[in-house]
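Each protein sequence line maps, in turn, to chains A and B.
If you read the first sequence in the working numbering, its first letter stands for residue 1, the second for the next number, and so on.
If you read the second sequence in the working numbering, its first letter stands for residue 121, the second for the next number, and so on.
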Amino acid sequence: MRSHRRRRGTRIRPYTFTGGRTRSRHPLMVQTLVSTADPANEPPANLMPESQRIYVLCAEARSVAEVAAELKIPLGVTQVLLSDLADQGLVYIHPTITGHSPSENQVLERALRGLERLFQ
Amino acid sequence: MSTKIVIAGGFGAGKTTLVGSVSEIPPVTTEAVMTEASVKHDDTSSTPEKVTTTVAMDFGRLTLDRELIMYMFGTPGQARFWFMWDDLVRGAVGAVVVVDTRRLADCFDAVDYFERNQNIPYVIALNKFDGEIGYTIEEIREAVEVGPEVPILEFDARDRASSGNVLKTLLSYTLSRPAQPEPVG
Ligand SMILES: Nc1nc2c(ncn2[C@@H]2O[C@H](COP(=O)(O)OP(=O)(O)OP(=O)(O)O)[C@@H](O)[C@H]2O)c(=O)[nH]1
Ligand SMILES: [Mg+2]
Chain A
1 MRSHRRRRGT RIRPYTFTGG RTRSRHPLMV QTLVSTADPA NEPPANLMPE
51 SQRIYVLCAE ARSVAEVAAE LKIPLGVTQV LLSDLADQGL VYIHPTITGH
101 SPSENQVLER ALRGLERLFQ
Chain B
121 MSTKIVIAGG FGAGKTTLVG SVSEIPPVTT EAVMTEASVK HDDTSSTPEK
171 VTTTVAMDFG RLTLDRELIM YMFGTPGQAR FWFMWDDLVR GAVGAVVVVD
221 TRRLADCFDA VDYFERNQNI PYVIALNKFD GEIGYTIEEI REAVEVGPEV
271 PILEFDARDR ASSGNVLKTL LSYTLSRPAQ PEPVG
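In structure tokens, the structure reads:
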């Protein structure tokens, strides 16, 4: 076997999904679940049409990536719109488990048990 | 609540096939419009030129229990989209690097990436593509230059149980490591 992985220097990653817009206070990653805070209410009339569609869709929780895919809105735009909706208290952002804190180990163990149930 | 793992690897290594084998929904392919700031070499001004690229990424979903959903996100196979990995990878509890051993060098970009981002545990999954891997696990480990702690296993991306076993191996490995704090910045 002759090919070996070349060692490379660290590269600069000079871009973001949202084209430079500052990161929201809310951790809104592609996998983060979002849901409309009060789905029984109609979307406020002053919302942009795209935001109204998000409001209606998220009556049931789904991930940021699913919102983008279902409404055919680019991911970065979806993130910005959702973050604005969350700032107005219209959308609830569910916790995202990243495994970066030891307190999340219980959830990771649940994840493993879930996988073991599904794939015996 | 939800969590995420990332499926990386070379072009055509079997990432989407793996996601499709385990996912409870057909893999969703979605377009992400990426803006990349690039500076022309012959340009002395400091204004970066924005380049917009559309890349396809796909994802699948697994409901692990009543309150926990795990998403699997496939990174674009084309190496030139390495710049978008940070956003896809951010917050992942782990990653799988899918390898077609007939084109081993294709996985080097992904392995490089996860070797540099030590806070994301990853496993290397060798897709059998009907045949034999052709090398021992230790030969592969030496060729891709990863430490003995990184799990390397064979699997069949078209097979649900075999692909599920890759996910179980990854989660067990993640749990075996002390939690890594999120990098600053
Ligand atoms: N025979 C065989 N074919 C496979 C296997 N895994 C994947 N393939 C085929 O190989 C091709 C590439 O697989 P994909 O799952 O699309 O690979 P990918 O890594 O998602 O590719 P990109 O997203 O384009 O980088 C497809 O035509 C698959 O059907 C396998 O285990 N055996
Ligand atoms: Mg694919």
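Built from N, CA and C at the ideal position, the CB exists for glycine as well.
The structure displayed is predicted, hence computed values, not measured ones.
Extent of the continuous alpha helix (DSSP H) to which residue i belongs
i	result
G114(A)	105 to 118
E262(B)	257 to 264
V213(B)	Per DSSP, V213(B) belongs to no alpha helix (DSSP H) and is neither H nor E.
T294(B)	280 to 296
DSSP state of residue i mapped onto helix, strand, coil
i	result
F131(B)	coil
N247(B)	strand
G89(A)	coil
S122(B)	strand
D220(B)	strand
G267(B)	coil
G254(B)	coil
D226(B)	helix
T137(B)	helix
A59(A)	coil
T98(A)	coil
Q300(B)	coil
D276(B)	coil
L47(A)	coil
Residue of the options minimising C-alpha distance to residue i
i	options	result
Y55(A)	D84(A), P102(A), R110(A)	D84(A)
A40(A)	E60(A), A86(A), E116(A)	E60(A)
N247(B)	I257(B), I240(B), N239(B)	I257(B)
Y233(B)	F249(B), E259(B), W205(B), V243(B)	W205(B)
G140(B)	V243(B), R236(B), R278(B)	R278(B)
H100(A)	D226(B), G211(B), T150(B), V217(B)	G211(B)
V34(A)	S103(A), G114(A), A65(A), L115(A)	A65(A)
C58(A)	N46(A), A45(A), P27(A), H94(A)	H94(A)
D207(B)	T294(B), T195(B), V231(B)	T195(B)
A215(B)	P298(B), K135(B), F131(B)	K135(B)
S296(B)	R261(B), D226(B), P241(B), Y255(B)	P241(B)
Partners in chain B for residue i, counting only beta-carbon separations shorter than 7 Å
i	result
T32(A)	S122
E116(A)	K288
T36(A)	Here the premise fails: no neighbours, minimum Cβ distance about 17 Å.
Cut-off 8 Å between Cβ atoms - residues of its own chain near residue i, not counting five sequence neighbours on either side
i	result
V142(B)	G180, L182, M192, R280, S283, G284, L287
E50(A)	L71, I73, V77, L81
Q120(A)	none
Under 8 Å by beta carbon: chain A residues contacting residue i
i	result
Y191(B)	V30, Q31, S63, A65
V148(B)	A65, E66, A69
Proximal residues to residue i (C-beta, below 6 Å), its chain only, five neighbours per side dropped
i	result
T22(A)	In this prediction, T22(A) scores a pLDDT of 44, lower than 50, which makes its location untrustworthy; no coordinate-derived value is stated.
V264(B)	V231
Listed by chain order, chain B residues near residue i by CB distance under 8 Å
i	result
E109(A)	L295
N-terminal and C-terminal residue of the beta strand (DSSP E) that residue i is part of
i	result
G194(B)	188 to 194
S35(A)	33 to 36
L28(A)	Counting along the chain, L28(A) falls outside any beta strand (DSSP E), and DSSP gives it neither H nor E.
E66(A)	Run containing E66(A): none in the beta strand (DSSP E); it sits in the alpha helix (DSSP H), 64 to 71.
Cβ-heavy atom distance, residue i to ligand 4, below 7 Å
i	result
G180(B)	Because ligand 4 does not appear in the structure shown, any question about it cannot be addressed here, the ligands present being ligand 1 and ligand 2.
Contacts of residue i in chain A (Cβ-Cβ under 7 Å)
i	result
R210(B)	M29
Same chain, Cβ closer than 7 Å to residue i, neighbours up to 5 away in sequence not counted
i	result
T96(A)	P27, M29, Q31, T32
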